[in-house]
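Enquirer:
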């Protein structure tokens, strides 16, 4: 898959650094901000899969509206803790249903195949994404696929140790961390396969990835809800384990013996 050219990266940086302003820019404004030509802006939109700049601008405007709506979510939270619990639960049920509808069997099987055949699996993310990375890493290790959750301090340095037989698993949700995108772009340069967990097909991580799994996370708070991701991660790891049930059961029994000796059973 192609990676960003220097001009395309300047455009992407401008969009990431000014997400609210970008919704109101025309092609000339974006070109001026990114210090590129208008033709480069149009080609960038087409590179992302849009017919042209107007369609990309429409997507940016829609995203800005959603962002404002999410930021105002707390203003619409129902009074009382019990009512808030019900509202949050309803939103996460909807997130799970959307995830199930967006991820088909072919996508899941391809992701499972890639996880199984990869020599090393390294997960990266910032903020809430780092917690998702750690959860998936723990579950994969439990299923017999040792995985590393990279520290947020220097993502590109960790990617530097990966090679084509390995797999980089990147997590990126709005607001998209530049460090994650730069690390993924670096992985592409090294021809390292990338599996992405993100929130929408227009997310900047999608164009850089071999496998993309969408995870909705509508939430009253500004952060991305992790409930739908937890369901998807559990499904992925269960599918991995089911490929060799005998070995998986042996690993689970071994893990249980370790837990019995190391943890309080009370």
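Numbering (full-length UniProt numbering), first residue to last: 1 to 266. Here a beta-carbon is modelled for each residue, glycine too, at the ideal position from N, C-alpha and C.
Using DSSP's beta-bridge definition, name the partner residues of residue 224.
Expert: The residue you call residue 224 lines up with position 224 of the chain shown. Partner(s): none; residue 224 has no beta bridge.
Enquirer: May I have a chain-ordered list of the beta strand (DSSP E) segments no shorter than 3 residues that lie completely inside the stretch 174-206?
Expert: 194-198
Enquirer: What is the rounded straight-line gap between the Cα of residue 208 and the Cα of residue 51?
Expert: Sequence index remark: in the chain shown, residue 208 carries index 208 (1-based). Sequence index remark: in the chain shown, residue 51 carries index 51 (1-based). Approximately 19 Å between the Cα atoms of the pair.
Enquirer: How many Å lie between residue 163 and residue 119 at the Cα?
Expert: Reading the chain shown from its first residue, position 163 is the one you call residue 163. Reading the chain shown from its first residue, position 119 is the one you call residue 119. Near 9 Å, if we compare the C-alpha coordinates of residue 119 and residue 163.
Enquirer: Give every residue of the same chain whose Cβ lies closer than 7 Å to the Cβ of residue 15, excluding the five residues on either side of it in the sequence, and list them in chain order.
Expert: For the purposes of this step, residue 15 is taken as the residue at position 15 of the chain shown. So the qualifying residues of the chain are 22.
Enquirer: Nearest to residue 127 by alpha carbon, out of 218, 228, 173 and 157?
Expert: Sequence index remark: in the chain shown, residue 127 carries index 127 (1-based). With distances taken between Cα atoms, residue 127 lies closest to 173.
Enquirer: Nearest to residue 140 by CA position, among 184, 158, 131 and 241, is which residue?
Expert: The residue labelled residue 140 in the question sits at position 140 within the chain shown. That would be 241, whose Cα lies nearest to the Cα of residue 140.
Enquirer: By the DSSP assignment, the beta strand (DSSP E) with residue 147 in it spans what residues?
Expert: Within the chain shown, the letter at position 147 stands for residue 147. First-last of the beta strand (DSSP E) with residue 147: 147-149.
Enquirer: Provide the residue span of the beta strand (DSSP E) that contains residue 172, from first to last.
Expert: Locating residue 172 in the chain shown gives position 172, where the first residue counts as 1. Taken as a continuous stretch (DSSP letters only), the beta strand (DSSP E) holding residue 172 covers 167-172.
Enquirer: On the CB-based measure, 16 or more other CB atoms within 10 Å of its CB, does residue 195 come out buried or exposed?
Expert: Along the chain shown, one-based indexing puts residue 195 at 195. The residue is buried, with at least 16 neighbouring Cβ atoms inside 10 Å.
Enquirer: For residue 325, name the three-state secondary structure that DSSP assigns.
Expert: There is simply no residue 325 to check, as the chain begins at 1 and stops at 266 in what is shown.
Enquirer: Under 8 Å: do the stretch 183-199 and the stretch 88-106 share three or more Cβ pairs, one atom per stretch?
Expert: no
Enquirer: Quick test of your reading: residue 10 and residue 35, contact by CB under 8 Å. State the CB separation rounded to the nearest angstrom.
Expert: Against the chain shown, residue 10 aligns to sequence position 10. Against the chain shown, residue 35 aligns to sequence position 35. That pair is a contact at about 6 Å.
Enquirer: With a threshold of 16 other CB atoms inside 10 Å of the CB of residue 109, please say whether the residue is buried or exposed.
Expert: Counting from 1 along the chain shown, the entry for residue 109 is found at position 109. Exposed, since its Cβ has fewer than 16 Cβ neighbours within 10 Å.
Enquirer: Given that a residue counts as buried once 16 or more other Cβ atoms are within 10 Å of its Cβ, and exposed if not, what is residue 193?
Expert: What you label residue 193 is simply residue 193 of the chain shown in a count that begins at 1. Residue 193 comes out buried.
Enquirer: For residue 228 versus residue 92, is the C-beta spacing smaller than 8 Å?
Expert: Looking up residue 228 in the chain shown gives position 228. Looking up residue 92 in the chain shown gives position 92. Closer than 8 Å, so yes.
Enquirer: Between which two residues does the alpha helix (DSSP H) carrying residue 36 extend?
Expert: As a first step, residue 36 must be located in the chain shown, where it is residue number 36. First-last for residue 36: undefined, no H or E at that position.
Enquirer: DSSP three-state call for residue 162: helix, strand or coil?
Expert: As a first step, residue 162 must be located in the chain shown, where it is residue number 162. Here residue 162 sits in coil by DSSP.
Enquirer: Going by DSSP, what residue range makes up the alpha helix (DSSP H) through residue 18?
Expert: Numbered from 1 along the chain shown, position 18 holds the residue referred to as residue 18. Here residue 18 belongs to no alpha helix (DSSP H), and DSSP marks it neither H nor E.
Enquirer: Which whole-angstrom value describes the C-beta separation of residue 143 and residue 237, a residue pair presumed to lie in contact below a C-beta threshold of 8 Å?
Expert: Working through the chain shown from its first residue, we reach residue 143 at position 143. Working through the chain shown from its first residue, we reach residue 237 at position 237. Indeed they touch by this definition, with Cβ atoms about 5 Å apart.
Enquirer: Indicate the three-state DSSP secondary structure (helix, strand or coil) for residue 90 in the structure shown.
Expert: For this step, residue 90 is matched to residue 90 along the chain shown. Residue 90 falls in the helix class under three-state DSSP.
Enquirer: Check residue 103 in the structure and name its three-state DSSP category.
Expert: Numbered from its first residue, the chain shown carries residue 103 at position 103. Coil, per DSSP.
Enquirer: Between residue 172 and the ligand SAM, is there a pair consisting of the residue's CB and a ligand heavy atom that are separated by less than 7 Å?
Expert: The model on display carries no ligand, and the ligand SAM is accordingly not part of it.
Enquirer: Beta strand (DSSP E) containing residue 214: first to last residue?
Expert: On the chain shown, position 214 is the one that residue 214 refers to. Looking at the DSSP string, the run of the beta strand (DSSP E) that includes residue 214 is 211-214.
Enquirer: Sort 201, 28 and 147 by Cα distance to residue 49 and report the nearest one.
Expert: Within the chain shown, residue 49 is the residue found at index 49, counting from 1. For residue 49, the nearest C-alpha among the options comes from 201.
Enquirer: What are the partner residues of residue 122, as DSSP defines its beta bridges?
Expert: By 1-based counting over the chain shown, the position of residue 122 is 122. Note: residue 122 sits in a beta bridge opposite 148 and 168.
Enquirer: Could you spell out the range, first to last residue, of the alpha helix (DSSP H) harbouring residue 243?
Expert: Residue numbering aside, residue 243 sits at position 243 when the chain shown is read from its first letter. From DSSP, residue 243 is part of no alpha helix (DSSP H); its letter is neither H nor E.
Enquirer: Pick from 217, 210, 177 and 181: whose alpha carbon is nearest that of residue 191?
Expert: By one-based count along the chain shown, residue 191 stands at place 191. Among 217, 210, 177 and 181, the Cα nearest to that of residue 191 belongs to 210.
Enquirer: Expressed to the nearest angstrom, what Euclidean distance is found between the alpha-carbon atoms of residue 159 and residue 17?
Expert: For the purposes of this step, residue 159 is taken as residue 159 along the chain shown, with counting starting at 1. For the purposes of this step, residue 17 is taken as residue 17 along the chain shown, with counting starting at 1. Each residue's Cα considered, the two are about 24 Å apart.
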